[in-house]
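Structure first, then comments.
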Amino acid sequence: SAVISQKPSRDICQRGTSLTIQCQVDSQVTMMFWYRQQPGQSLTLIATANQGSEATYESGFVIDKFPISRPNLTFSTLTVSNMSPEDSSIYLCSVAGQGVFKAFFGQGTRLTVV
Amino acid sequence: DAKTTQPTSMDCAEGRAANLPCNHSTISGNEYVYWYRQIHSQGPQYIIHGLKNNETNEMASLIITEDRKSSTLILPHATLRDTAVYYCIVRLSQGGSEKLVFGKGTKLTVNP
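Residue numbers (my numbering), protein chains in the order written: chain A, 1 to 114; chain B, 1001 to 1112.
In structure tokens, the structure reads:
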């Protein structure tokens, strides 16, 4: 299994500002993913964070709004840029090792934009 | 990519078995069925997965029909702590990038 630490666990931000969320894993992992969960909704995949290359974004998500870094096999960051109230969500980091795909999730970052 | 259909909500009495159905009629031969759950205010938690055969672990059992078009997750003795949203997911694999696509899931409420 993998232990995932996300920081911050929650934040309240002013519109127009940016927030960087950190995801630290206790072991080296191949795949890291970022999800968004809007209030009362299911999880939506934002992007796959690739080590050593640019992130792969899902339809509807762009790098300018959600820049991602993946400097090594245990760490990634997601930035929510130029925030608006519609960005108020829980943002979750997920990791998976090689082989059969079994994902582990962080506890999430609860973001409120005012 | 195979889609899944689950009931929006279900109730179960504490101590009884909870049987959560999932339809995945467009599943392809090499796609796995995964189950995750999300307890309120927590990240999703892996429960079990399977390809063709029935599977059992310490948390649950997974029954997959012979034609693989549907499956059932069984929690043999549900407790109040099993109250959560349960997601049935068919594994996606595109261009070597393994990812999970979550549907709306089933909100299971275990009642005392």
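Don't be surprised by glycine CBs; every beta carbon is placed ideally from N, CA and C.
- Message: According to DSSP, is P1021 of chain B part of a helix, a strand, or is it coil?
- Response: strand
- Message: What would DSSP say about E1055 of chain B, mapped onto helix, strand or coil?
- Response: strand
- Item | Where D1082 of chain B falls: helix, strand or coil (DSSP) | helix
- Item | Buried/exposed call for Q1094 of chain B, threshold 16 Cβ in 10 Å | Unreliable positioning characterises Q1094 of chain B in this predicted model, as indicated by a pLDDT of 46, which lies under 50. A coordinate reading is not provided.
- Query: Using a beta-carbon distance below 9 Å, is H1049 of chain B in contact with chain A?
  - Reply: yes
- Give the residues of chain B in contact with L45 of chain A, contact being defined as C-beta atoms less than 7 Å apart. K1099 and V1101
- Task: Could you tell me whether the Cβ of G1029 of chain B comes closer than 9 Å to any Cβ of chain A?
- Result: no
- Report yes or no: do the region 50-68 of chain A and the region 77-89 of chain A share at least 3 C-beta pairs separated by less than 8 Å? yes
- Message: What does the Cβ neighbour count give for D1082 of chain B, buried or exposed, with the cut at 16 atoms within 10 Å?
- Response: buried
- Query: Are Y91 of chain A and T109 of chain A touching if we call contact CB-CB under 9 Å?
  - Reply: yes
- When you compare each of B:G1043, B:Y1034 and B:V1110 to S1061 of chain B by their alpha carbons, which one comes out closest? B:Y1034
- Using a C-beta to C-beta distance shorter than 9 Å, which residues of chain A count as neighbours of G1015 of chain B? Residues of chain A passing the Cβ test: none, with the nearest at roughly 28 Å.
- Query: Going by alpha carbons, who is nearest to I21 of chain A out of A:E54, A:Q6 and A:M32?
  - Reply: A:Q6
- Message: Considering Cα atoms alone, identify which of B:T1072, B:G1029, B:Q1045 and B:N1030 is closest to Y1036 of chain B.
- Response: B:Q1045
- Bridge partners of G1050 of chain B, per DSSP? B:V1033
- List in chain order: all unbroken beta strand (DSSP E) runs of 3+ residues lying wholly within the region 24-73 of chain A. 31-37, 43-49 and 68-72
- Task: Please decide whether Y57 of chain A counts as near chain B, where near means a Cβ-Cβ distance under 9 Å.
- Result: no
- Message: Starting from N82 of chain A, trace the beta strand (DSSP E) in both directions and tell me its first and last residue.
- Response: Unbroken run through N82 of chain A: none, as it is neither H nor E.
- Task: Could you name the residues of the same chain whose beta carbon sits closer than 6 Å to that of T1072 of chain B, not counting the 5 residues immediately before and after it, in chain order?
- Result: N1019, P1021 and I1063
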